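Number of protein chains: 2
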Amino acid sequence: MRSGKRAAKLTAVHPAESRPAVDLDDLNNRLGYFVRRVQVWVFQDFIRRLSGVDLSPAQFSVLVVIGANAGLSQSALAATLGIERARLVRLLHGLEQRALTQRLDDADDGRRHALHLTRDGRKLLTRAKALAAEHEAALKEKLGPERYRMMFEAARGF
Amino acid sequence: MRSGKRAAKLTAVHPAESRPAVDLDDLNNRLGYFVRRVQVWVFQDFIRRLSGVDLSPAQFSVLVVIGANAGLSQSALAATLGIERARLVRLLHGLEQRALTQRLDDADDGRRHALHLTRDGRKLLTRAKALAAEHEAALKEKLGPERYRMMFEAARGF
Numbered sequence: 005m006r007s008g009k010r011a012a013k014l015t016a017v018h019p020a021e022s023r024p025a026v027d028l029d030d031l032n033n034r035l036g037y038f039v040r041r042v043q044v045w046v047f048q049d050f051i052r053r054l055s056g057v058d059l060s061p062a063q064f065s066v067l068v069v070i071g072a073n074a075g076l077s078q079s080a081l082a083a084t085l086g087i088e089r090a091r092l093v094r095l096l097h098g099l100e101q102r103a104l105t106q107r108l109d110d111a112d113d114g115r116r117h118a119l120h121l122t123r124d125g126r127k128l129l130t131r132a133k134a135l136a137a138e139h140e141a142a143l144k145e146k147l148g149p150e151r152y153r154m155m156f157e158a159a160r161g162f
Numbered sequence: 005m006r007s008g009k010r011a012a013k014l015t016a017v018h019p020a021e022s023r024p025a026v027d028l029d030d031l032n033n034r035l036g037y038f039v040r041r042v043q044v045w046v047f048q049d050f051i052r053r054l055s056g057v058d059l060s061p062a063q064f065s066v067l068v069v070i071g072a073n074a075g076l077s078q079s080a081l082a083a084t085l086g087i088e089r090a091r092l093v094r095l096l097h098g099l100e101q102r103a104l105t106q107r108l109d110d111a112d113d114g115r116r117h118a119l120h121l122t123r124d125g126r127k128l129l130t131r132a133k134a135l136a137a138e139h140e141a142a143l144k145e146k147l148g149p150e151r152y153r154m155m156f157e158a159a160r161g162f
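If you read the sequences in order, they're chains V and U.
Here the first sequence stands for residues 5 to 162, numbered as in my numbering.
Here the second sequence stands for residues 5 to 162, numbered as in my numbering.
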């Protein structure tokens, strides 16, 4: 797996000539450092591509999960996305003010604040999902197909 | 590479029983979503482990790179770490106030604001590097060795 032949097949993300000749020292052995670099690139590209629908990565994730789980509770949404409750409340408030989501009390099964997309929310989500797919294609191109596949295999389900 | 046999060897990061039964929909096919989840875990663990030396991940990276490249310019440091200039100036100001780094004018070769660690900076960095190594071991344990190796091979050099 870690043979020279395998390593040589991977396309360098940054050509050597474009990198400053600075010693990264211990950072070369810190996965978190490179994960952070990937994540910064992802956010910058994602935010740029989704600027037309004015959704942050977190807002997009919230809309996707509510869209696929109508009636979801705030606590289940917070647990699923790993978002702190206070931050999620602010996020949902913003989406409600734009009339993209709504919180309905569900008297039948005792759930409070069951979350739903509005009609506008569903329409915007359809556009946003198409832009997110373009972002994903750009990330795959940036990494190259082999790095992309490996990183996804390693990160999936985290 | 993507055979069932290979996939079965990977240890699940979250056992199925601990995950809420919520449909992630498109997020399941978005690498950026999982990279973000890894990065959030990394920051939380890193910040906790380095709380004794009161260094953020960005401050740690800055100290490491200055430590390995005495006399580095601010612009080279910003380019190396992918930090915006304005943010780097704030970061360096905080480190200088704690007397961990200093900016010296270097008249000989025309470089301005050549960056150096102070003696206290070098001492703190030694402690911080040891804590960062413990964080790295925790990340490897969290991912499992095979996922860790794959993710590093994919992300290295980004």
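Ideal Cβ placement from N, Cα and C applies to all residues, glycine included.
All of these numbers come straight from a predicted model, not from anything done at the bench.
Identify whether residue i lies in helix, strand or coil by the three-state DSSP scheme.
| i | result |
| --- | --- |
| residue 118 (chain U) | strand |
| residue 95 (chain U) | helix |
| residue 35 (chain V) | helix |
| residue 128 (chain V) | helix |
| residue 76 (chain U) | strand |
| residue 160 (chain V) | coil |
| residue 108 (chain V) | strand |
| residue 29 (chain U) | helix |
| residue 148 (chain U) | coil |
| residue 102 (chain V) | coil |
| residue 140 (chain V) | helix |
| residue 10 (chain U) | Note that residue 10 (chain U) scores a pLDDT of 47, beneath 50, so its modelled location is shaky; the value from the coordinates is reported in the next line. Residue 10 (chain U) falls in the helix class under three-state DSSP. |
| residue 87 (chain U) | coil |
| residue 60 (chain U) | coil |
| residue 54 (chain U) | coil |
Nearest-angstrom Cα distance between residue i and residue j?
| i | j | result |
| --- | --- | --- |
| residue 142 (chain U) | residue 149 (chain U) | 11 Å |
| residue 144 (chain U) | residue 47 (chain U) | 14 Å |
| residue 157 (chain U) | residue 154 (chain V) | 8 Å |
| residue 99 (chain U) | residue 127 (chain U) | 14 Å |
| residue 56 (chain V) | residue 138 (chain V) | 13 Å |
| residue 117 (chain V) | residue 38 (chain U) | 27 Å |
| residue 75 (chain V) | residue 152 (chain U) | 37 Å |
| residue 80 (chain U) | residue 28 (chain U) | 41 Å |
So, is the C-beta of residue i closer than 8 Å to a C-beta in chain V?
| i | result |
| --- | --- |
| residue 42 (chain U) | yes |
| residue 21 (chain U) | Confidence is the limiting factor: at residue 21 (chain U) the pLDDT is only 49, short of 50, which leaves the residue's position unreliable, though a coordinate-based value still follows. It does not: the Cβ of residue 21 (chain U) has no partner Cβ on chain V nearer than 8 Å. |
| residue 57 (chain U) | no |
| residue 84 (chain U) | yes |
Beta-carbon of residue i versus every beta-carbon of chain U: anything under 8 Å?
| i | result |
| --- | --- |
| residue 60 (chain V) | no |
| residue 71 (chain V) | yes |
| residue 66 (chain V) | no |
| residue 157 (chain V) | yes |
| residue 93 (chain V) | no |
Are residue i and residue j touching if we call contact CB-CB under 8 Å?
| i | j | result |
| --- | --- | --- |
| residue 95 (chain U) | residue 63 (chain U) | yes |
| residue 34 (chain U) | residue 136 (chain V) | yes |
| residue 107 (chain V) | residue 119 (chain V) | yes |
| residue 67 (chain V) | residue 82 (chain V) | no |
| residue 31 (chain V) | residue 65 (chain U) | yes |
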